Amino acid sequence: MNKSFEHMLANKELTINLNKNFDGSEKVLSDNLQQEETLREQAMIFDSIQDSIMLHDLEGRFLYLNETAWKTRGYTHEEMMGMTIKQIIAPECENGDPHRLKAAAEKMKKDGYVTIRVKHMCKNGDRIDVEVYAKLITYHGQPCILKSIRDITQQLQAQMEIKKLSIVVEQIDDSVIITDKAGMITYVNQAFCHHVGYSREELLGNTPKLFKSHQHNRNFYKNLWTTILDGNVYRATLINKKKDGDLFYEDKTITPLKDDKGELVGFVSTGKDVTHEMLMRQEIEHIAMIDQLTGIYNRHKFEQLLTLEMERSRRFSEPLSLIIIDIDHFKSVNDTYGHHTGDLVLKYLVKIVQKNIRKIDIFARWGGEEFLVLSPNTDLKNIAVLAEKLRLAIAKAQFPEVTRITISQGISTLEEKDTFSELFKRADMGLYHAKEHGRNQIGVIKNFAE
9 MNKSFEHMLA NKELTINLNK NFDGSEKVLS DNLQQEETLR EQAMIFDSIQ
59 DSIMLHDLEG RFLYLNETAW KTRGYTHEEM MGMTIKQIIA PECENGDPHR
109 LKAAAEKMKK DGYVTIRVKH MCKNGDRIDV EVYAKLITYH GQPCILKSIR
159 DITQQLQAQM EIKKLSIVVE QIDDSVIITD KAGMITYVNQ AFCHHVGYSR
209 EELLGNTPKL FKSHQHNRNF YKNLWTTILD GNVYRATLIN KKKDGDLFYE
259 DKTITPLKDD KGELVGFVST GKDVTHEMLM RQEIEHIAMI DQLTGIYNRH
309 KFEQLLTLEM ERSRRFSEPL SLIIIDIDHF KSVNDTYGHH TGDLVLKYLV
359 KIVQKNIRKI DIFARWGGEE FLVLSPNTDL KNIAVLAEKL RLAIAKAQFP
409 EVTRITISQG ISTLEEKDTF SELFKRADMG LYHAKEHGRN QIGVIKNFAE
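The opening residue of the sequence shown carries number 9 in this note's numbering; numbering runs sequentially from there.
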């Protein structure tokens, strides 16, 4: 028989009242054997409870302890029964906040019970956080305190970890959004509120459609939803819209949230504002493909586009033609009027050409005073018509300071087995022919034998 049970037998008033019939009448006990059996059953019940059960008088001397009470604190039953409640309450609780314990005692006297959190000290000095439900009862005719005590150490540790995580999530600069399965926003961190300009109250209960910029098509969002509803992580750079209408780029990761059964319950979305980086990248790309003086494509970009157009031309059996434009006597313009005027002439010529070509035509500065026009779906006859149109428009224009400018041009059309070099060489030979025969005209070489 365990010590707790021996103590219960010696103090038979501490029993669960199992001695009444359902109608409230007293059972007739044949002898003390039935009462001892009842006590034995109650002892087994108390000792099987994971919570600590303690009974002590108003001086704090223990009158009863279940097995959990003394075992979890590292004592034997005899050791702990010889102690008082004050000896197991950690000193920092009494010394640190004596008014709280006093207020709890006064509440218990007033209401008959109280719930409080304290720290208990184990035999080896370890502390455990406990939640105590204490109630005044009468025992042997004297007021005593019966306590049910639960170890909440792990619970508090878990809460502390959650609090730490919450602090981190609130303080990081990356955006965090949590939505339910339907996309309803249930949480946003402060960083996201700051980035988009909405308050937390405006966002909760809303959906991410609020930030839709209409910069992505339906297939983009269809792919997004298909991915996350299938339980997969989605990553992409999104263009979203702030409250004030400004657009911003966000590196977005959307992760499905699942319950213990693996069922999809929501999504957590994290994002980093990469607007500055994207604009820098676009600026670099712009510099890499745009001629800084004239604002049209440069040589490098033209070569890229020409390769694509040659492939397209062959795939769909459509003609593709090229014009090389060279300003006549441009060196004398620079020598006579200066390079500033020469730059103005180049810019003005670009505007004239842009007004006279199609949107699908590709216009680029090849270098110095030389320009290229690539015309998709245009044969040799029609490229000659376009070149003449450009020649006349420039010849009639009034250029700043120099008044009149003329151009010489060479044209060619892509043949079946042409490389870029061959296409360009024929147009270049045509240009040379135009210059050799008086300039301000169009030269065409149909094949290298001519």
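Glycine is no exception: its CB is placed at the ideal position from the N, C-alpha and C atoms. Predicted model, so just to flag it, every value in this text is computed and none were measured.
Quick check: the Cα distance between residue 218 and residue 173, rounded to an integer number of angstroms? Against the sequence shown, residue 218 aligns to sequence position 210. Against the sequence shown, residue 173 aligns to sequence position 165. One C-alpha to the other measures close to 27 Å.
For residue 128, the first and last residue of its enclosing beta strand (DSSP E): The count along the sequence shown starts at 1 and reaches residue 128 at position 120. Residue 128 -> beta strand (DSSP E) spans 121–129.
Buried or exposed for residue 366, going by 16 or more other Cβ atoms inside 10 Å? Taking the sequence shown and counting its residues from 1, the one referred to as residue 366 is at position 358. Under this definition residue 366 is an exposed residue.
Residue 409 burial status per 10 Å Cβ neighbour count (16 or more: buried): Start at 1 with the first residue of the sequence shown, and residue 409 comes out as number 401. Answer is exposed; the Cβ neighbour count stays below 16.
Who are the near neighbours of residue 452 in its chain, counting only those whose CB is closer than 6 Å to its CB and skipping five residues on each side? Counting from one through the sequence shown, the residue named residue 452 turns up at place 444. 419, 438.
Pick helix, strand or coil for residue 451, following the three-state DSSP scheme. The count along the sequence shown starts at 1 and reaches residue 451 at position 443. Of the three classes helix, strand and coil, the one that applies to residue 451 here is strand, per DSSP.
Determine the burial state of residue 78: buried for a count of at least 16 other Cβ atoms within 10 Å of its Cβ, exposed for fewer. Translated into positions along the sequence shown, residue 78 becomes position 70. Label assigned to residue 78: buried.
Taking DSSP as the reference, what is the three-state secondary structure of residue 356? Counting from one through the sequence shown, the residue named residue 356 turns up at place 348. Residue state, collapsed to three classes: helix.
Which whole-angstrom value is the C-beta distance of residue 330 and residue 401, which I expect to be below 8 Å? For this step, residue 330 is matched to residue 322 along the sequence shown. For this step, residue 401 is matched to residue 393 along the sequence shown. In fact, because the Cβ distance is near 19 Å, the residues do not count as touching under 8 Å.
Minimum length 4: unbroken alpha helix (DSSP H) runs contained in the segment 171–249: 198–204, 208–211, 226–237
For a test of the three-state rule: what should DSSP assign to residue 328, helix, strand or coil? Locating residue 328 in the sequence shown gives position 320, counting from the first residue. Strand.
Rounded to whole angstroms, what is the Cα-Cα separation between residue 142 and residue 126? Counting from one through the sequence shown, the residue named residue 142 turns up at place 134. Counting from one through the sequence shown, the residue named residue 126 turns up at place 118. Residue 142 and residue 126: Cα-Cα distance of roughly 12 Å.
Residue 201 versus residue 178: straight-line alpha-carbon distance, rounded: Here residue 201 refers to the residue found at position 193 when the sequence shown is read from its first residue. Here residue 178 refers to the residue found at position 170 when the sequence shown is read from its first residue. Distance between the alpha carbons of residue 201 and residue 178: 11 Å.
Can you tell me where the alpha helix (DSSP H) with residue 400 in it begins and where it stops? As a working note, residue 400 is residue 392 in the sequence shown. 388–404 is the extent of the alpha helix (DSSP H) around residue 400.
My guess is that residue 185 and residue 193 are in contact by the Cβ rule of under 8 Å, so how many angstroms apart are they, rounded? Against the sequence shown, residue 185 aligns to sequence position 177. Against the sequence shown, residue 193 aligns to sequence position 185. So it is a contact: roughly 6 Å between Cβ atoms.
Rounded to whole angstroms, what's the CA-CA distance from residue 316 to residue 333? Just pull it up for me. If you number the sequence shown from 1, residue 316 lands on position 308. If you number the sequence shown from 1, residue 333 lands on position 325. The alpha-carbon atoms of residue 316 and residue 333 are separated by roughly 22 Å.
Keeping to the same chain, check which residues put their C-beta closer than 6 Å to that of residue 115; ignore five residues upstream and five downstream. Numbered from its first residue, the sequence shown carries residue 115 at position 107. If we look at residue 115 and ignore the five residues flanking it on each side, its Cβ neighbours are 122.
Taking only the alpha-carbon atoms, compute the straight-line gap between residue 168 and residue 291 and give it to the nearest angstrom. One-based indexing of the sequence shown puts residue 168 at position 160. One-based indexing of the sequence shown puts residue 291 at position 283. Near 46 Å, if we compare the C-alpha coordinates of residue 291 and residue 168.
Option nearest residue 270 by Cα separation, candidates 238, 257, 120: Numbered from its first residue, the sequence shown carries residue 270 at position 262. With distances taken between Cα atoms, residue 270 lies closest to 238.
Would you mind reading off the limits of the beta strand (DSSP E) that contains residue 260? Within the sequence shown, numbered from 1, the residue matching residue 260 stands at position 252. Note, residue 260: beta strand (DSSP E), 255–266.
Grab the span of the alpha helix (DSSP H) containing residue 439 for me, first residue to last. Position 431 of the sequence shown, counted from the start, is the residue given in the question as residue 439. Where residue 439 is concerned, the enclosing alpha helix (DSSP H) stretches over 428–444.
Within its chain, find whatever has a CB closer than 8 Å to the CB of residue 298; leave out the 5 residues flanking it on each side and keep chain order. One-based indexing of the sequence shown puts residue 298 at position 290. So the qualifying residues of the chain are 304, 305, 306, 309.
If you draw a straight line from the C-alpha of residue 70 to the C-alpha of residue 137, how long is it? Position 62 of the sequence shown, counted from the start, is the residue given in the question as residue 70. Position 129 of the sequence shown, counted from the start, is the residue given in the question as residue 137. Whole-angstrom Cα-Cα distance: 20 Å.
Suppose you measure from the CA of residue 254 to the CA of residue 277; what does that come to, to the nearest Å? By 1-based counting over the sequence shown, the position of residue 254 is 246. By 1-based counting over the sequence shown, the position of residue 277 is 269. Whole-angstrom Cα-Cα distance: 21 Å.
In three-state terms, what does DSSP make of residue 69? On the sequence shown, residue 69 is found 61 positions in, with the first residue counted as 1. In the structure shown, residue 69 sits in a strand (DSSP, three-state: E or B).
Pull up the CB-CB distance for residue 318 and residue 394, whole angstroms please, since I reckon it's below 8 Å. For this step, residue 318 is matched to residue 310 along the sequence shown. For this step, residue 394 is matched to residue 386 along the sequence shown. Rounded, the Cβ-Cβ distance is 19 Å, inconsistent with contact.
Presumed contact (8 Å Cβ cut-off) between residue 415 and residue 351, rounded CB distance: If you number the sequence shown from 1, residue 415 lands on position 407. If you number the sequence shown from 1, residue 351 lands on position 343. The Cβ separation is near 17 Å, so there is no contact.
Report yes if the C-beta distance between residue 247 and residue 207 is below 9 Å; otherwise report no. For the purposes of this step, residue 247 is taken as residue 239 along the sequence shown, with counting starting at 1. For the purposes of this step, residue 207 is taken as residue 199 along the sequence shown, with counting starting at 1. No, these two residues do not count as a Cβ contact at 9 Å.
Where do the ends of the beta strand (DSSP E) carrying residue 295 lie? Along the sequence shown, read from residue 1 onward, the residue named residue 295 stands at position 287. It is not in any beta strand (DSSP E) - residue 295 instead sits in the alpha helix (DSSP H) that spans 283–297.
Tell me the rounded alpha-carbon separation between residue 363 and residue 403. For the purposes of this step, residue 363 is taken as residue 355 along the sequence shown, with counting starting at 1. For the purposes of this step, residue 403 is taken as residue 395 along the sequence shown, with counting starting at 1. Computed Cα separation, rounded: 15 Å.
Just to confirm, is the Cβ distance from residue 338 to residue 358 under 9 Å? For the purposes of this step, residue 338 is taken as the residue at position 330 of the sequence shown. For the purposes of this step, residue 358 is taken as the residue at position 350 of the sequence shown. Their beta carbons are not under 9 Å apart, which means residue 338 does not touch residue 358 by this criterion.
In whole angstroms, give me the CA-to-CA distance for residue 81 and residue 159. Locating residue 81 in the sequence shown gives position 73, counting from the first residue. Locating residue 159 in the sequence shown gives position 151, counting from the first residue. Straight-line Cα distance between these residues: approximately 11 Å.
I believe residue 183 touches residue 274 by the beta-carbon criterion, under 8 Å. Please report the beta-carbon distance rounded to the nearest angstrom. Indexing the sequence shown from 1 puts residue 183 at position 175. Indexing the sequence shown from 1 puts residue 274 at position 266. Wrong, their Cβ atoms sit about 16 Å apart, outside the cutoff.
Option nearest residue 250 by Cα separation, candidates 204, 230, 133, 195: Taking the first residue of the sequence shown as 1, we reach residue 250 at position 242. Nearest C-alpha to residue 250: 204.
Got a sec, what are the start and stop residues for the alpha helix (DSSP H) residue 93 sits in? Residue numbering aside, residue 93 sits at position 85 when the sequence shown is read from its first letter. First-last of the alpha helix (DSSP H) with residue 93: 93–96.
Residue 322 beta carbon less than 9 Å from that of residue 384: Mapped onto the sequence shown, residue 384 falls at position 376. Mapped onto the sequence shown, residue 322 falls at position 314. No. Outside cutoff.
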